[in-house]
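> The structure that follows is given in the form of C-alpha cells.
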Amino acid sequence: MFRNQYDTDVTTWSPAGRLFQVEYAMEAVKQGSAAIGLRSKTHVVLACVNKASSELSSHQKKIFKVDDHIGVAIAGLTADGRVLSRYMRNECINYSFTYESPLPVGRLVVQLADKAQVCTQRSWKRPYGVGLLVVGLDELGAHLYYNCPSGNYFEYQAFAIGSRSQAAKTYLERRFENFTDSSREDLIKDALISVRETLQGEKLKSSICTVAVVGIGEAFHILDQETVQQLIDAFEIVGEDEPPVPEVGDAEADQGEAAAPAAEEGAAPMDI
Amino acid sequence: MDQKPFSQGLLSSEADSQRTLYPYVTGTSVVALKYKDGILMAADMGGSYGSTLRYKSVERMKSIGKHSLLGASGELSDFQEILRYLDELILYDNMWDDGNSLGPKEVHSYLTRVMYNRRNKFNPLWSSLVLGGVKNGEKYLGMVSMIGVHFEDNHVATGFGNHLARPILREEWHENLSFEDGVKLLEKCMRVLLYRDRSAVNKLQIAKITEEGVTVSQPYSLKTFWGFSAFSNPTVGAEGSW
Chain A
1 MFRNQYDTDV TTWSPAGRLF QVEYAMEAVK QGSAAIGLRS KTHVVLACVN
51 KASSELSSHQ KKIFKVDDHI GVAIAGLTAD GRVLSRYMRN ECINYSFTYE
101 SPLPVGRLVV QLADKAQVCT QRSWKRPYGV GLLVVGLDEL GAHLYYNCPS
151 GNYFEYQAFA IGSRSQAAKT YLERRFENFT DSSREDLIKD ALISVRETLQ
201 GEKLKSSICT VAVVGIGEAF HILDQETVQQ LIDAFEIVGE DEPPVPEVGD
251 AEADQGEAAA PAAEEGAAPM DI
Chain B
1 MDQKPFSQGL LSSEADSQRT LYPYVTGTSV VALKYKDGIL MAADMGGSYG
51 STLRYKSVER MKSIGKHSLL GASGELSDFQ EILRYLDELI LYDNMWDDGN
101 SLGPKEVHSY LTRVMYNRRN KFNPLWSSLV LGGVKNGEKY LGMVSMIGVH
151 FEDNHVATGF GNHLARPILR EEWHENLSFE DGVKLLEKCM RVLLYRDRSA
201 VNKLQIAKIT EEGVTVSQPY SLKTFWGFSA FSNPTVGAEG SW
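Here you go:
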C-alpha cells in the first residue's frame, strides 16, 4: 500500500470506497507474531509464537483467559489487545452475575465487533490495531471466531493470523476437514505443527510458543511449558508422523520434508 | 395528578408519590411443585382491592419464552410491569437467533437482580414471584420476593401459601410425582387456602410446564365441603348465642 490523499482520517472514504486507515490497522495485525486457532466439535485450541524481544526480557502475553469457557489470542498491537481483553472479561462477568450463566461466545464476539466498528466511524478515534482469535463454548458446542480491526468477525474451523501465518494456513487448509471429529490430543498436535510451519526452519520449543485449550467439560487454561515441551517431543520423536491425509495427491514441499526425517529417524529439524 | 393523597399529610415530600408505599390490587398465594415431567403451578384468579374481592378473572401465571413459567402474588400492576421487562428480555434474546436461549435459571437470576435493585432504591415491585421451567431435561423451580430474597426448591409458595401449603408439601411431596398425583397435591393445598385465606376465590388455574412447553388450564372451581355438624347447629354449646 502506498500513501495517498485519502488516508489521513478514518472518516475519509477513498473514491474506490475504501477506508485506508482501517486497512492500515489490518496491516498492523499482519506484523504481529503468529496466532493460530483450530476447533473440533468439542474442543478448541489456541497456539501462538511468543518471542521475547531480547534474552533479558519476558515474553509478551498473547493469550488471555476471558472466562472459564472463553479465551482469546491476539496479534498486532498487544496493548490494544489487552484493553479489549479487559472489556471482554467485564462483559462476561457482568452477564454471569445477572444471569448466573456463562455468556455465549457468539454474543460476546458480536459485542466486540460492534465496539471495533465504532472506532471506524469517529473522527477522534482510531481503529484497534489488533486481531483477535476468540475461542469459547455455547449451547451448540465449541467455536472459533476471528475479530478484525474493521469490526468484522467470522467463524472458522481453523485460522491463523500474524506474520508468516500463510504457512500455517496452508497446512490447516489441507487438514481442516478432519478437525471436527479430532480428539483433543490430535487437535493440539495439529496446532503445534501449524506453529512450526510459521517458524520457517527455527526449532520449535515450548519456550517460544504458548498453547491454550478449552472444551466441553474443560475450562479454558494455558498449558504449562513442560506439558507443551513433552507434546512437541512426542510428535517429533515419532518423526512427525502425520495421520494419513485422504487425498495424497499433494506433492507439496511440506509433506515431502515431513516424510524425509521420518525415514531418517531423529534427524535434524526440517530445512526449507 | 399533583395532588398528594390527603392521608399523606401536608409534610410528606413529593418524592413519596413517586415510589411504591403499599399495594392496591393484589393477588394471593401461588403454589408450585416439581413433578416427574416438569413443574406444576397453581394460582387462583382473584384480584383483591383491599378487603374487597374485586376482580375474579385475573390470570396470575404467564409463560416466559420457551422454557419458563412465571406466577406472581402481590401488586398486580407490578406483575404486569415485570411481564413487560421480561417481554423485552425475551425479545432481545430471540433476536440473536443463534441457538442459545435464556432458560429458567437465567430468568430467575435476572428477576432477582431487578427486584433487589428496586428494593435498594426504596421503590420495590411489590410482588412475590414464582419462576418454574424445564430446559434440556433439567427442571428448575425458584422464588423471588419483593426484597430480592431468592432461592430454589422442589416446592415453593408465596404469601399465605408459605404457611398453609408448604407444610402439606413437606409431608407429601416426593420425587417423580405423576401428573395426576401432582395435581391432586396442588388441589389439596389450594383447598386449604380457599378455606382459610380470606383473599382466596374459588376459581383457579393450574399450569404445567414440561420440555415440550407450557399449558395453562381453563379456570375451574374446587369442591368444598361445609356439611360439618358444628355448622348446622352452631350454638349447641352456647345456648342463646348466634
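Chains A and B, in that order, give the protein sequences.
Residue numbering for the first sequence follows the UniProt record's numbering, starting at 1 and increasing by one per position.
Residue numbering for the second sequence follows the UniProt record's numbering, starting at 1 and increasing by one per position.
Beta carbons: idealized from backbone N, C-alpha and C, even for Gly.
Does Y110 (chain B) come within less than 7 Å of chain A when only Cβ atoms are used?
Taking Cβ atoms only, chain A reaches closer than 7 Å to Y110 (chain B), which makes this a yes.
> Comparing the C-beta of N117 (chain B) with each C-beta of chain A, is any distance below 7 Å?
No, N117 (chain B) lies away from the interface with chain A (no Cβ there is under 7 Å from its Cβ).
> Based on Cα-Cα distance, which residue from A:F159, A:A79, A:G106, A:G71 lies nearest to R89 (chain A)?
For the residues A:F159, A:A79, A:G106, A:G71, the minimum Cα distance to R89 (chain A) belongs to A:G71.
> On the three-state DSSP scale, how would you describe Y195 (chain B)?
Y195 (chain B) falls in the helix class under three-state DSSP.
> What residue from A:L132, A:Y24, A:E23, A:Q5 has the CA that sits closest to P15 (chain A)'s CA?
Ranking A:L132, A:Y24, A:E23, A:Q5 by Cα distance to P15 (chain A) puts A:Q5 first.
> Per DSSP, what kind of secondary structure is F176 (chain A) in: helix, strand or coil?
Residue state, collapsed to three classes: helix.
> Please classify G249 (chain A): does DSSP put it in a helix, a strand, or coil?
Any answer about G249 (chain A) is weak, because its pLDDT of 41 lies below 50 and its placement is not dependable; what the coordinates show is given next. Looking at G249 (chain A) - three-state DSSP - the assignment turns out to be coil, as it is neither helix nor strand.
> Assuming contact is defined by CB atoms lying nearer than 7 Å, are P177 (chain B) and M190 (chain B) in contact in what I supplied?
Sequence check: residue 177 (chain B) is Leu here, not Pro. Against a cut-off of 7 Å, the Cβ pair of M190 (chain B) and L177 (chain B) comes out as no contact.
> Strictly by DSSP, which residues pair up with H221 (chain A)?
The partner list for H221 (chain A) (beta bridge, DSSP) reads A:V213.
> Pull up the DSSP beta-bridge partners for K135 (chain B), would you.
BP columns for K135 (chain B) point to B:E138.
> Please decide whether G215 (chain A) counts as near chain B, where near means a Cβ-Cβ distance under 7 Å.
Not one chain B Cβ lies under 7 Å of G215 (chain A).
> Is W126 (chain B) buried or exposed, if buried means 16 or more other CB atoms sit within 10 Å of its CB?
Buried, by the Cβ-count rule.
> Indicate the three-state DSSP secondary structure (helix, strand or coil) for T227 (chain A) in the structure shown.
T227 (chain A) falls in the helix class under three-state DSSP.
> Run down chain B in chain order and give the residues with a C-beta less than 7 Å from the C-beta of Y153 (chain A).
Here the premise fails: no neighbours, minimum Cβ distance about 13 Å.
> Given this structure, state the Cα-to-Cα distance separating R184 (chain A) from V144 (chain B), to the nearest angstrom.
Rounded to the nearest angstrom, the two C-alpha atoms are 42 Å apart.
> Thinking A43 (chain B) and G65 (chain B) are a contact (beta carbons under 8 Å), I'd like their distance in whole angstroms, please.
About 19 Å; that fails the 8 Å criterion.
> Would you check if there are 3 or more beta carbon pairs closer than 8 Å linking the stretch 169 to 189 of chain A to the stretch 137 to 155 of chain A?
No, they do not touch.
> Within its chain, find whatever has a CB closer than 8 Å to the CB of V130 (chain A); leave out the 5 residues flanking it on each side and keep chain order.
Excluding sequence neighbours, V130 (chain A) sits near A28, V29, G32, I74, A75, G76, L77, T78, D80, G81, L84, P149.
> Assign R89 (chain A) to one of three DSSP states: helix, strand, or coil.
Here R89 (chain A) sits in helix by DSSP.
> Shorter than 7 Å from the beta carbon of S101 (chain A) to some beta carbon of chain B?
Yes, because at least one Cβ of chain B sits closer than 7 Å to the Cβ of S101 (chain A).
> L38 (chain A) to Y156 (chain A), Cα distance in whole Å?
Approximately 8 Å between the Cα atoms of the pair.
> With a threshold of 8 Å, are at least 3 pairs of Cβ atoms found where one atom belongs to the stretch 156 to 168 of chain B and the other to the stretch 100 to 116 of chain B?
Not touching, per the Cβ criterion.
> Going along chain B in order, which residues have a C-beta closer than 7 Å to the C-beta of E139 (chain A)?
In chain order: G99, N100.
> Just checking my contact of I188 (chain A) with V211 (chain A) at CB under 8 Å: how many whole Å lie between their CB atoms?
Their Cβ separation, rounded to whole angstroms, is 6 Å, which keeps I188 (chain A) and V211 (chain A) in contact under 8 Å.
> Rounded to the nearest angstrom, what separates L236 (chain B) and E175 (chain B) at their Cα positions?
According to the sequence as given, residue 236 (chain B) is Val; it is not Leu. Their backbone Cα atoms lie some 46 Å apart in a straight line.
> I'd like to check one pair, G161 (chain B) with I39 (chain B): are the Cβ atoms closer than 7 Å?
No. Outside cutoff.
> For E106 (chain B) and chain A, any beta-carbon pair shorter than 7 Å?
Taking Cβ atoms only, chain A reaches closer than 7 Å to E106 (chain B), which makes this a yes.
> When the cut-off is 7 Å and only beta carbons count, does G136 (chain A) lie next to chain B?
It does not; no Cβ of chain B falls within 7 Å.
> Per DSSP, which residues does C48 (chain A) bridge with? Please list them.
For C48 (chain A), which the question treats as bridged, DSSP gives the partners A:A35, A:T210.
> Give the C-beta separation of E139 (chain A) and N94 (chain B) to the nearest angstrom, bearing in mind that I take them to be a contact with Cβ-Cβ under 8 Å.
14 Å between Cβ atoms; not a contact.
> When the cut-off is 7 Å and only beta carbons count, does R84 (chain B) lie next to chain A?
By this cut-off, R84 (chain B) is not an interface position.
> Cutting at 7 Å between CB atoms, please list the residues of its own chain near I208 (chain A), excluding the five before and the five after it.
Here the set comprises V49, N50, K51.
> State the Cα-Cα distance for the pair K135 (chain B) and G213 (chain B), rounded to the nearest angstrom.
Whole-angstrom Cα-Cα distance: 10 Å.
> Which same chain residues, not among the five before or five after W242 (chain B), have their C-beta less than 7 Å away from its C-beta?
Hits under 7 Å: T235.
> Using DSSP with H/G/I as helix, E/B as strand and the rest coil, what is I90 (chain B)?
Looking at I90 (chain B) - three-state DSSP - the assignment turns out to be helix.
> By alpha-carbon positions, which one of B:V192, B:E152, B:L89, B:G142 ends up nearest to I168 (chain B)?
Cα-wise, what sits closest to I168 (chain B) is B:V192.
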